[in-house]
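Written below as structure tokens is the structure these notes are about.
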Amino acid sequence: MLIMPNSNKNKQVGYSEKMTMPPLGLISIGGYLKMHGYMVEILDLFTNHIRKQEFIDKIKNAHPDMIGISAYTENINAVIHLTKIIKSVLPKIIIVLGGAHVTFLPEEALHHNTVDYVCRGEGEMTFVQLLECLNYHTIDLSEVKGISYRVGQEIIHNADRGYIENLDNLPWAELDEIEMRSYDIKQLIITSRGCPGKCIYCASAALSGTRYRNRSAQNVFSEIHYKYSIKGEKYFAFLDDTFTANKKRLYQFCDYLKQANMNIIWRCDSRTDILSKEMIDKMQEVGCTSVHIGIESGSQDVINKINKHISLERSEELLAYMSQKGLQVMCSFIIGHHCDTHETIKETIDMALKFRKKYKATVGISINTPFPGTYLYNHMKDLGINLEIKNWSSFDLVQAVFSTPNITRAELQNYYYEIQSMVI
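68 is the number of the first residue of the sequence shown in the numbering used here; add one for each residue after it.
Spelled out as structure tokens, the structure:
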């Protein structure tokens, strides 16, 4: 059984459109387990809230060999509470935690005796190998890469597992495995892992790596074609950090869609140091209606210092072009960078409001948060960050948890409330 736990975060980082989405990470692991002959049940407690007794009844009736739980920074406290409930009902059940938070802080999780293993990094191959080790003893536990566990009072960290190189070998995310009526966006697709960017605040790059790996254009098109022609799906959202990172693959994919003459609508994320007007034209021709861009600050100096490597001038030029072409422009901003001042935050607010008014952009605002594994987290002292709140549940991108020499935590929180009242 794979579980997405509930969380205190019930908002989408300040976007006026708030949408629920299926847990693609768990679905990918579940699909890989099924491909290797295992029966899998996915329980999404984040979207489908159930009472404690109903949850207990579900796990008692399923009585799985193993329970895997997604653990992120904001929900780690809820995850540990969940493991205690599970162990109180099924004390011998094996519980494995995976996800970004425990990948970088495995010892913290394993200090709780209700956690048996931590899966570090990408989980598909690790889960299969761990199950084969425990069920069939085909491999010694010490040889299972990518896991941490206890032996007596000692915490053991096995060798890291490398990234999955050929993503075409992974099964497509089969969304029939869970109750789809609960989700606003149903056909989500991830076609790559990693990001060529090295932004200092990014947890995604810390987990998936800065070396971009992608599925082939043929593989992605085949999945789209199957879901369109067999299941009648017409709307798709690509959740890649940077869908357009590989220009050659993007153009091949667009050519496949054009040749197939499919009437679909899709959206994706990009970066303005990679995106071009030619790409925008190519994508729009085959059904792209919305592109999300991370701007992150209204100050070019701040952008340079957070290692974002984009030009605000070029970014606005591309946003204007997309708006002119009729695409829905989505852009996100972050306030509270280590180098932010009152003046640069006001520049960010002004830019967000300008883009919303001038280009009808959907604007998302979040508060800079030092997630474990990021450069920001690992260098807080060097960057002048004073972490004032250490409760992980507050690390949700909408609560200020630190102050800097330039801005207090209270001031940062007030800026967030101010801009929220303007853009939502």
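Glycine included, every Cβ here is placed at the ideal spot set by N, Cα and C. Keep in mind the model is a prediction, meaning the values are calculated, not measured.
Within its chain, find whatever has a CB closer than 8 Å to the CB of Val156; leave out the 5 residues flanking it on each side and keep chain order.
Here residue 156 is taken as the residue at index 89 of the sequence shown, counted from 1. Contacts found: Ile123, Ile126 and Lys127.
Alpha carbon to alpha carbon, what distance is there between Ala240 and Met106?
For the purposes of this step, residue 106 is taken as residue 39 along the sequence shown, with counting starting at 1. For the purposes of this step, residue 240 is taken as residue 173 along the sequence shown, with counting starting at 1. Whole-angstrom Cα-Cα distance: 15 Å.
Enumerate, from N- to C-terminal direction, the unbroken alpha helix (DSSP H) stretches of 4 or more residues contained entirely within the stretch 181-214.
191-203
For Gln254, count neighbouring Cβ atoms within 10 angstroms of its own Cβ and tell me buried if that reaches 16, exposed if not.
Along the sequence shown, read from residue 1 onward, the residue named residue 254 stands at position 187. Answer is buried; the Cβ neighbour count reaches 16.
Can you tell me which of the three DSSP states Ile223 falls into?
Taking the sequence shown and counting its residues from 1, the one referred to as residue 223 is at position 156. Looking at Ile223 - three-state DSSP - the assignment turns out to be strand.
Can you tell me which of the three DSSP states Asp336 falls into?
On the sequence shown, position 269 is the one that residue 336 refers to. Of the three classes helix, strand and coil, the one that applies to Asp336 here is strand, per DSSP.
Which residues in the same chain have their Cβ closer than 6 Å to the Cβ of Asn142, if we skip the five residues on either side of it in sequence?
Indexing the sequence shown from 1 puts residue 142 at position 75. Closer than 6 Å at the Cβ level, and outside the excluded window around Asn142, lie Pro72 and Ser74.
For Leu385, the nearest candidate out of Ser343, Phe113 and Gln319 (CA to CA):
Reading the sequence shown from its first residue, position 318 is the one you call residue 385. Closest option to Leu385, Cα to Cα, is Ser343.
Closest to Phe438 by C-alpha separation, out of His204, Asp348 and Thr170, would be which residue?
Here residue 438 is taken as the residue at index 371 of the sequence shown, counted from 1. Nearest option by C-alpha distance: Thr170.
Should His359 be labelled buried (16 or more other beta-carbon atoms within 10 Å of its own) or exposed?
Here residue 359 is taken as the residue at index 292 of the sequence shown, counted from 1. Per the 10 Å Cβ criterion, buried.
Quick check: the stretch 283-297 against the stretch 321-333, are there 3 or more CB pairs under 8 Å?
yes
Counting C-beta neighbours from all protein chains within 10 Å, is the total for Thr471 16 or more, i.e. buried, or is it exposed?
Numbered from its first residue, the sequence shown carries residue 471 at position 404. So Thr471 counts as buried.
Where does Asn313 land, buried or exposed, given buried means 16+ other C-beta within 10 angstroms?
Counted from its first residue, the sequence shown places residue 313 at position 246. Result: buried.
Paired residues, beta bridge with Ser289 - DSSP:
Looking up residue 289 in the sequence shown gives position 222. BP columns for Ser289 are empty, so no partner.
Whether or not the stretch 261-278 and the stretch 111-122 are in contact is what I'm after, with contact meaning three or more pairs of Cβ atoms, one per stretch, closer than 8 Å; do they touch?
no
So, is Met102 buried or exposed, given that buried needs 16 or more other C-beta atoms within 10 angstroms?
Translated into the one-based positions of the sequence shown, residue 102 becomes position 35. Burial call: exposed.
Validate contact between the stretch 361-373 and the stretch 405-421 using beta carbons, cut 8 Å, 3 pairs
yes
Give me whichever residues DSSP pairs with Leu164 in a beta bridge.
Within the sequence shown, the letter at position 97 stands for residue 164. Beta-bridge pairing links Leu164 to Ile136 and Val185.
Counting along the chain, where does the alpha helix (DSSP H) carrying Asp124 start and finish?
Within the sequence shown, residue 124 is the residue found at index 57, counting from 1. Taken as a continuous stretch (DSSP letters only), the alpha helix (DSSP H) holding Asp124 covers Lys119 to Ala129.
Should Asn180 go down as buried or exposed, given a rule of 16 or more other Cβ atoms within 10 Å for buried?
Translated into the one-based positions of the sequence shown, residue 180 becomes position 113. That one is exposed.
Residue closest to Ala270, alpha-carbon to alpha-carbon, out of Tyr139, Leu394 and Arg282
To locate residue 270, count along the sequence shown from 1; it is residue 203. The shortest Cα separation from Ala270 among Tyr139, Leu394 and Arg282 belongs to Tyr139.
Coarse secondary structure for Leu420, derived from DSSP in three states
For the purposes of this step, residue 420 is identified with residue 353 of the sequence shown, where counting begins at 1. Three-state DSSP puts Leu420 in a helix.
What are the boundary residues of the alpha helix (DSSP H) that includes Gln326?
By one-based count along the sequence shown, residue 326 stands at place 259. First-last of the alpha helix (DSSP H) with Gln326: Lys314 to Ala327.
Have a look at Gln395, Leu379, Lys154 and Cys406 and flag the residue whose alpha-carbon is nearest the alpha-carbon of Ile373.
Position 306 of the sequence shown, counted from the first residue, corresponds to residue 373. Nearest C-alpha to Ile373: Cys406.
How is Thr356 classed by DSSP in three states: helix, strand or coil?
Position 289 of the sequence shown, counting from 1, holds the residue named residue 356. Looking at Thr356 - three-state DSSP - the assignment turns out to be strand.
For Gly98, report the span of its alpha helix (DSSP H) as first-last.
Along the sequence shown, one-based indexing puts residue 98 at 31. Its alpha helix (DSSP H) spans residues Leu91 to Met102.
Does the distance from the CB of Val218 to the CB of Thr193 come in under 8 Å?
Counting from one through the sequence shown, the residue named residue 218 turns up at place 151. Counting from one through the sequence shown, the residue named residue 193 turns up at place 126. Result no, Cβ atoms of Val218 and Thr193 do not sit closer than 8 Å.
Roughly how many angstroms lie between the CA atoms of His404 and Asn435, to the nearest whole one?
Here residue 404 corresponds to residue number 337 of the sequence shown, with the count starting at 1. Here residue 435 corresponds to residue number 368 of the sequence shown, with the count starting at 1. His404 and Asn435: Cα-Cα distance of roughly 6 Å.
State the DSSP-derived secondary structure class of Leu385, mapped to helix, strand or coil.
By one-based count along the sequence shown, residue 385 stands at place 318. Helix, per DSSP.
Inter-residue Cα distance where the pair is Asp132 and Pro238
Here the question's residue 132 lines up with position 65 in the sequence shown. Here the question's residue 238 lines up with position 171 in the sequence shown. Going from the Cα of Asp132 to the Cα of Pro238 covers about 22 Å.
Met88 versus Ala272: straight-line alpha-carbon distance, rounded
Against the sequence shown, residue 88 aligns to sequence position 21. Against the sequence shown, residue 272 aligns to sequence position 205. When rounded, the distance between both Cα atoms is 21 Å.
Could you spell out the range, first to last residue, of the beta strand (DSSP E) harbouring Gln502?
Coverage of the chain is limited to positions 68 through 491, which leaves residue 502 absent and any answer about it impossible.
Any C-beta of chain C under 8 Å from that of Thr311:
In summary, chain C is missing from the structure at hand, where a single protein chain is found.
Would the beta-carbon of Ile161 fall within 8 Å of that of Met68?
Against the sequence shown, residue 161 aligns to sequence position 94. Against the sequence shown, residue 68 aligns to sequence position 1. No, the Cβ-Cβ distance between Ile161 and Met68 is not below 8 Å.
Using 10 angstroms around the beta-carbon of Asp235, count the other beta-carbons present and answer buried if the total reaches 16, otherwise exposed.
For this step, residue 235 is matched to residue 168 along the sequence shown. Classification for Asp235: exposed.
Along the alpha helix (DSSP H) that carries Ser343, what are the first and last residues, could you check?
Your numbering for residue 343 matches position 276 in the sequence shown. Note, Ser343: premise wrong, no alpha helix (DSSP H); not H, not E.
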